[in-house]
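Those sequence lines, one after another, are chains A and B.
If you read the first sequence in our numbering, its first letter stands for residue 1, the second for the next number, and so on.
If you read the second sequence in our numbering, its first letter stands for residue 296, the second for the next number, and so on.
All remarks here apply to the structure that follows.
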Amino acid sequence: MQTIQAIIDAIAVGALYALVAVGLALVFGVMRLINFAQGELITAGAYSLYLTRNLPLVVSIVVCFVVCVALAVAIERVAFRPLRGASPATTLVATFAVAFALEAVWLIAFTPQGKTADLLSALNRTATHGSLHLRWVTITELVAGVVLLGGTVLVLNRTTIGLHMRAAASDFRAARLLGVRADRVIRAAFAMSGFLAAVVSLLLTVQQPLVTPTFGLDVTILALVGAVLGGIDRLATATAGGFLIGFISSILGDELPASLSNFAPSFTFLVVILVLLIRPAGLLAPLGQSGVDRV
Amino acid sequence: MLELDRVEARYGAISVVRGVSLTVAGGEIVGLIGPNGAGKTTTLLTIMGEVPCAGGVVRLRGKAISGLPTEATVRRGIALVPEGRHIFANLTVAENLRLGLAGRQSRDGLDADMDWIHGLFPVVGQFRERPAGALSGGQQQQLAIARAMIAAPTVLLLDEPSLGLAPSVIDTVLGALSDIRARGVAILLVEQRAQLIAGFADRTHVLSNGRIRMSLTPDEAQDTDRMIAAYLA
Ligand SMILES: Nc1ncnc2c1ncn2[C@@H]1O[C@H](COP(=O)(O)OP(=O)(O)O)[C@@H](O)[C@H]1O
Ligand SMILES: [Mg+2]
Numbered sequence: 001m002q003t004i005q006a007i008i009d010a011i012a013v014g015a016l017y018a019l020v021a022v023g024l025a026l027v028f029g030v031m032r033l034i035n036f037a038q039g040e041l042i043t044a045g046a047y048s049l050y051l052t053r054n055l056p057l058v059v060s061i062v063v064c065f066v067v068c069v070a071l072a073v074a075i076e077r078v079a080f081r082p083l084r085g086a087s088p089a090t091t092l093v094a095t096f097a098v099a100f101a102l103e104a105v106w107l108i109a110f111t112p113q114g115k116t117a118d119l120l121s122a123l124n125r126t127a128t129h130g131s132l133h134l135r136w137v138t139i140t141e142l143v144a145g146v147v148l149l150g151g152t153v154l155v156l157n158r159t160t161i162g163l164h165m166r167a168a169a170s171d172f173r174a175a176r177l178l179g180v181r182a183d184r185v186i187r188a189a190f191a192m193s194g195f196l197a198a199v200v201s202l203l204l205t206v207q208q209p210l211v212t213p214t215f216g217l218d219v220t221i222l223a224l225v226g227a228v229l230g231g232i233d234r235l236a237t238a239t240a241g242g243f244l245i246g247f248i249s250s251i252l253g254d255e256l257p258a259s260l261s262n263f264a265p266s267f268t269f270l271v272v273i274l275v276l277l278i279r280p281a282g283l284l285a286p287l288g289q290s291g292v293d294r295v
Numbered sequence: 296m297l298e299l300d301r302v303e304a305r306y307g308a309i310s311v312v313r314g315v316s317l318t319v320a321g322g323e324i325v326g327l328i329g330p331n332g333a334g335k336t337t338t339l340l341t342i343m344g345e346v347p348c349a350g351g352v353v354r355l356r357g358k359a360i361s362g363l364p365t366e367a368t369v370r371r372g373i374a375l376v377p378e379g380r381h382i383f384a385n386l387t388v389a390e391n392l393r394l395g396l397a398g399r400q401s402r403d404g405l406d407a408d409m410d411w412i413h414g415l416f417p418v419v420g421q422f423r424e425r426p427a428g429a430l431s432g433g434q435q436q437q438l439a440i441a442r443a444m445i446a447a448p449t450v451l452l453l454d455e456p457s458l459g460l461a462p463s464v465i466d467t468v469l470g471a472l473s474d475i476r477a478r479g480v481a482i483l484l485v486e487q488r489a490q491l492i493a494g495f496a497d498r499t500h501v502l503s504n505g506r507i508r509m510s511l512t513p514d515e516a517q518d519t520d521r522m523i524a525a526y527l528a
């Protein structure tokens, strides 16, 4: 039973990382840009939950979504749009700059001390079924993962903006030559990644109610590692990669002795380097694909 | 309909299109031929606003459109069938067609246009749900033209549509262009090989090194190959 419990918990953590990976992959798809600022969206959502802690829960949640989506769209408009067409190195540096700038804002506004956002702490209660004890947040993560992944796929496959996003992801210039509006497609990708970040904020504050300036960064780095390992240029492989890394880190966190788990990040990155040397397009990419160089 | 007036374009410091002037009226096919690297593709991309117009002006129905972003140019009624077709291989044929709607101004008459396009290119209807990458080269070219026509353009630009196609398929494609012309669309047809469009186009301009070196009537164009060979030598 204990193993089953650990596996279910790990699946839930995997779902959370998969959502972060989807956000990264959506933006990467249309912009060929790894958006390091994605983590700051999650942090922003979490601080908004802290700031609105005395308002009705529904209001807090709505504000969290508005903050994350608005910030995502604003970052694109202010920082990335003027750089469109610039070299990938330039835009990559820009995402770092945005991430550091926002982190500085969190430090100044909220100090390095953690702020508590425990609005949804009720989800930490357990539901018992036989000898299985599941926290509600685990169940919520599973449901949110399935619903949002399904929703993302539906948007991409069934809507016009989704079709435009898929076309732009495979050949942006050809899409534009057909009249696809670059601004709209990119804004949609950022808005969707902001929406996903809001969900991650909500769920993450349940497990980790203490919000610090690096709150979102840690998850995002790990999810990014997963997405790149899986293959960030495809939604499916990026999602699977994000899921796997969340799943594995949850299992390892349970199993490894503390002395070893301190080194877990180092080992993770070592594995990343090795995998990328051998399979630059990602572990889950189709055989014969040589790398992400479609910029 | 479409008018280029001493249009110039450059990549960095290198001047590639150097004062090209030409006009295409509705219901006309105008040929633009010339050797590899002459600047044909760049001319078309400049019309689309994809390459900045560095001098001169592009007019559509008398109004200057140079300087508009590509997406806006398409919406004004200019469609390009690009060199190499640029079909979205991983999308279905139907999805590729639907992308053509991005450049369409209004949905009015869409059903009738769809019927007409399916009549013109039956393969497009036949393989609706297939990935476009599974089509043959000729079928992809037909899809590319069909997709451009979904936008209901008044000006259609084609960049070497015959490239890599078998002669029978080229006849199908050129036949479709005649039908499109009959609808009153202004067509600017870029080709490398003169004999393909000689006698088919209402006028053919010969581009070399970014300049129009000569312009031929259909009669003159019968003998084009020799004339061009003589001229470029
Ligand atoms: N993106 C580009 N950057 C720099 N030079 C280019 C670019 N595209 C084309 N050129 C150069 O411009 C010239 C004209 O190219 P192009 O318009 O493609 O000719 P054509 O279509 O007639 O073969 C060529 O010398 C080509 O090398
Ligand atoms: Mg060319």
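Note that beta-carbon positions come from the ideal geometry of N, C-alpha and C, so glycine has one too.
Exercise. Which same chain residues, not among the five before or five after Gly-246(A), have their C-beta less than 8 Å away from its C-beta?
Worked result: Ala-10, Val-13, Gly-14, Ala-15, Leu-16, Tyr-17, Ala-18, Leu-222, Ala-223 and Gly-226
For this session: Kindly indicate which residue of Val-78(A), Ala-97(A) and Ala-25(A) has the alpha-carbon position closest to the one of Asp-183(A).
Result: Val-78(A)
Exercise. So who's on the other strand from Arg-506(B), going by DSSP bridges?
Worked result: Ser-503(B)
Exercise. Glu-118(A) and Thr-205(A): beta carbons closer than 9 Å?
Worked result: Here residue 118(A) turns out to be Asp, not Glu, going by the sequence shown. Yes, these two residues count as a Cβ contact at 9 Å.
Problem set entry | Every unbroken alpha helix (DSSP H) inside the region 65-134 of chain A [4 residues or more] | 88-110
For this session: Please go through the same chain and pick out, in chain order, the residues whose beta-carbon is closer than 6 Å to the beta-carbon of Arg-442(B), but skip the five residues on each side of it.
Result: So the qualifying residues of the chain are Asn-391, Leu-392 and Gly-395.
Exercise. What does a CB cutoff of less than 7 Å around Leu-339(B) pick up in its chain, not counting 5 residues either side in sequence?
Worked result: Leu-375, Leu-452, Asp-454 and Val-485
Problem set entry | Contact set between Ala-446(B) and chain A, taken where Cβ atoms lie within less than 9 Å | Leu-178 and Gly-179
Exercise. Mind pulling the alpha helix (DSSP H) runs of 4 or more residues that sit fully within the region 7-66 of chain A?
Worked result: 38-51
Exercise. So Ile-232(A) and Phe-80(A) are in contact, right, with Cβ under 8 Å, and what is the actual spacing, rounded?
Worked result: So it is not a contact: roughly 17 Å between Cβ atoms.
For this session: Kindly indicate if chain A contains any beta-carbon less than 9 Å away from that of Thr-512(B).
Result: Not an interface residue.
For this session: Report the three-state DSSP secondary structure of Val-292(A) (helix, strand or coil).
Result: Interpretation of Val-292(A) is limited by its pLDDT of 42, a score under 50 that renders its predicted location unreliable; the figure taken from the coordinates is listed afterwards. Residue state, collapsed to three classes: coil.
Exercise. Can you list, in chain order, the stretches of the beta strand (DSSP E) that have 3 or more residues and sit fully within the region 317-383 of chain B?
Worked result: 324-328, 350-355 and 373-376
Exercise. How big is the Cα-Cα spacing for Phe-100(A) and Thr-387(B)?
Worked result: 42 Å
For this session: Work out the CA separation of Ile-75(A) and Arg-234(A) for me, nearest whole Å.
Result: Taking the straight line joining both Cα atoms gives about 23 Å.
Problem set entry | Beta-carbon proximity of Gly-322(B) to Ala-481(B), cut-off 9 Å | yes
Exercise. For Glu-390(B), is the beta carbon positioned less than 8 Å from some heavy atom of ligand 2?
Worked result: no
Exercise. Relative to the alpha-carbon of Val-146(A), which residue among Phe-215(A), Leu-252(A), Val-22(A) and Gln-5(A) has its alpha-carbon at the smallest distance?
Worked result: Val-22(A)
Exercise. Thinking C-beta only, is Leu-502(B) closer than 9 Å to Leu-327(B)?
Worked result: The answer is yes: Cβ separation under 9 Å.
For this session: Identify, in the order they occur along the chain, each residue of the same chain with its Cβ nearer than 8 Å to the Cβ of Gln-2(A), setting aside the five sequence neighbours on each side.
Result: none
For this session: Would you mind sorting Glu-424(B) into buried or exposed? The rule is 16 or more other CB atoms within 10 Å of its CB.
Result: exposed
Problem set entry | Reduced DSSP category for Pro-513(B) - H, G, I as helix; E, B as strand; rest coil | Residue state, collapsed to three classes: helix.
Exercise. What residues from chain A crowd round Leu-394(B), counting only those whose CB sits closer than 8 Å?
Worked result: Leu-163, His-164, Ala-167, Ala-175, Leu-178 and Val-180
For this session: Please state whether DSSP places Glu-390(B) in a helix, a strand or coil.
Result: When secondary structure is reduced to three states using DSSP, Glu-390(B) falls in the helix class.
Exercise. What's the C-alpha gap between Leu-203(A) and Thr-152(A)?
Worked result: 18 Å
Exercise. Residues in its own chain within less than 7 Å of Leu-57(A) by CB, not counting five upstream and five downstream?
Worked result: Leu-119
Exercise. Counting pairs of beta carbons, one from the region 159-179 of chain A and one from the region 131-144 of chain A, are three or more of them closer than 8 Å?
Worked result: no
Problem set entry | Contacts around Thr-365(B), its chain only, beta-carbon distance under 6 Å, and the 5 residues preceding and following it disregarded | Met-343, Gly-344 and Glu-345
Exercise. In terms of residue numbering, what span does the beta strand (DSSP E) encompassing Glu-303(B) cover?
Worked result: 297-306 is the span of the beta strand (DSSP E), which, as asked, contains Glu-303(B).
For this session: Check whether the Cβ of Ala-397(B) lies closer than 9 Å to any Cβ atom in chain A.
Result: yes
Exercise. Under a three-way DSSP split, which group does Asp-183(A) fall into?
Worked result: helix
For this session: Have a look at Val-30(A), Ala-44(A) and Ile-4(A) and flag the residue whose alpha-carbon is nearest the alpha-carbon of Thr-214(A).
Result: Ala-44(A)
Problem set entry | Closer than 6 Å: residues whose CB approaches a heavy atom of ligand 1 | Tyr-306(B), Val-311(B), Gly-329(B), Asn-331(B), Gly-332(B), Ala-333(B), Gly-334(B), Lys-335(B), Thr-336(B) and Thr-337(B)
Exercise. Can you round the beta-carbon distance between Gly-114(A) and Leu-210(A) to whole angstroms, since I take them to be within the 8 Å contact cut?
Worked result: 4 Å
Exercise. Count the other CB atoms within 10 Å of the CB of Asp-381(B); is the residue buried (16 or more) or exposed (fewer)?
Worked result: For the record, residue 381(B) in the displayed sequence is His; it is not Asp. Under this definition His-381(B) is a buried residue.
Exercise. When we look at the beta-carbon of Val-295(A) and count the other beta-carbons within 10 Å, is it buried (16 or more) or exposed?
Worked result: No answer about Val-295(A) holds up, because its pLDDT of 30 lies below 50 and its placement is not dependable.
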